[in-house]
Amino acid sequence: MTKQIIPTILVKTFKEVKEKIKAVENYVDWIQLDIMDGVFVGNKTWPYAEGKISDLKKISACGRPAVGWKTKVKLEAHLMVQNPEKVIDKWLKNVDRVIVHFESKIEDLENLIKKVHSHKKQIGLAINPETNCRVIAPFLEKIDLVLFMSVRPGLGGQVFEPEVLDKIKALREIWPKGDIGVDGGVNDKNAGKIFAAGANLLCVGNYIFKSENIKQTIEKFK
């Protein structure tokens, strides 16, 4: 397992998506796009607020042909949407990994996992703070990562909920080689405790993008 910092982009327009990718692309391997439909969570982000998924074709990454500018980073879509099965095909054409919420309305999760893997892409399961991690146990050998939400999904800039640390420890005991991520209120002050609990992926938004020196802020975690 490799420890990684994954900047998270929570914005309304594709213009902002591009700006934020450019701000961090030289310092990380992965970038997460926070996708909110205004139904599963109250907030709306790109492309539900403005634009369309196909805007991503303007970015050349991970084997996609050059249309606009190139980036070496891999893109993952954190789908905070009510019905991920209805939109998954479009995302699979444009990103390298999708993360769906266990709490969303998924009719056939096993089939969804198979579909994503058939496209040679990765899939992760996200769970909200109130969800017991035992519910995802049957899927652990079929997915690529688990993402623990350490805040209520929907808004950036929230305070980290430390209760998630015990959940991380419990999952790591039964899933010693899997990728475990944490998303919400993560900063360089609590990163050590999160890594020590067993997570290896830290998803960080405002703490990176609102800092005066993005490169130095990312390096604080390493």
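To convert, note that position 11 of the sequence shown is -7 in this note's numbering; the numbers rise steadily by one, no gaps.
From the three backbone atoms N, C-alpha and C, an ideal C-beta is built for every residue, glycine too.
Would the beta-carbon of residue i fall within 8 Å of that of residue j?
{"i": "LEU61", "j": "ILE81", "result": "yes"}
{"i": "PHE130", "j": "VAL164", "result": "yes"}
{"i": "VAL(-1)", "j": "VAL6", "result": "no"}
{"i": "THR113", "j": "GLU89", "result": "no"}
{"i": "ILE190", "j": "ILE176", "result": "no"}
Is it buried or exposed, residue i, if we count other Cβ atoms within 10 angstroms and call 16 or more buried?
{"i": "VAL141", "result": "exposed"}
{"i": "MET18", "result": "buried"}
{"i": "GLY167", "result": "buried"}
{"i": "PRO66", "result": "buried"}
{"i": "SER215", "result": "Residue 215 lies beyond the stretch modelled for the chain, which goes from -17 to 204, so this question has no answer here."}
{"i": "PRO144", "result": "exposed"}
Which one of the options has the shortest CA to CA distance from residue i?
{"i": "LYS(-15)", "options": "ILE3, MET131, GLY160 and ALA108", "result": "GLY160"}
{"i": "CYS115", "options": "ARG134, LYS87, ASP148 and HIS101", "result": "ASP148"}
{"i": "VAL229", "options": "ILE13, LEU38, ASN195 and GLN104", "result": "Because the chain in this structure spans residues -17 to 204, residue 229 falls outside the shown range and cannot be described."}
{"i": "VAL63", "options": "ASP11, PRO120, LEU15 and LYS39", "result": "LEU15"}
{"i": "ASP155", "options": "LEU38, ALA119, ILE200 and GLY174", "result": "For the record, residue 155 in the displayed sequence is Glu; it is not Asp. Answer by Cα proximity: ALA119."}
{"i": "ILE13", "options": "LYS4, GLY33 and LYS56", "result": "LYS56"}
Assign residue i to one of three DSSP states: helix, strand, or coil.
{"i": "ILE125", "result": "coil"}
{"i": "GLY20", "result": "coil"}
{"i": "HIS101", "result": "coil"}
{"i": "GLU92", "result": "helix"}
{"i": "LEU61", "result": "strand"}
{"i": "ALA43", "result": "Note on ALA43: pLDDT 48, under 50, position unreliable in the model; no value is reported."}
{"i": "THR199", "result": "helix"}
My assumption, with CB atoms under 8 Å, is that residue i sits in contact with residue j. Please give the rounded CB distance.
{"i": "ASP78", "j": "GLU58", "result": "6 Å"}
{"i": "PHE(-4)", "j": "GLY20", "result": "At roughly 17 Å, the Cβ-Cβ gap does not stay under 8 Å, so PHE(-4) and GLY20 are not in contact."}
{"i": "LEU184", "j": "ILE(-13)", "result": "5 Å"}
{"i": "ALA179", "j": "ILE150", "result": "4 Å"}
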